[in-house]
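Residue numbers (UniProt numbering): 1 to 65. Note that the Cβ used here is the ideal one computed from N, Cα and C, for glycine as well. This structure is a prediction, so every number in the text was calculated from the model and none was measured.
Here it is in structure tokens:
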């Protein structure tokens, strides 16, 4: 289970303010624009979480490339 340790970070983390939630919705709106409207749910979820994990330092840019 190589990815099991990420699940608590997703399901047990609660935003401290509504600003984080609003920012996530804004990122989702950009991600699901008219240009990228054919992304599946799993791809959208993965891209949003990858961005969050990158900002938190869990994922490095060199790991993604």
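(request) Return helix, strand or coil for residue 60, following the three-state DSSP convention. (result) coil
(message) Am I right that residue 48 and residue 24 are in contact with their C-beta atoms under 8 Å? What's the rounded C-beta distance?
(response) 7 Å
(request) Rounded to whole angstroms, what's the CA-CA distance from residue 55 to residue 8? Just pull it up for me. (result) Whole-angstrom Cα-Cα distance: 17 Å.
(request) Below 8 Å on the Cβ atoms is my guess for residue 50 versus residue 41; work out the distance and round it to an integer in Å. (result) About 15 Å; that fails the 8 Å criterion.
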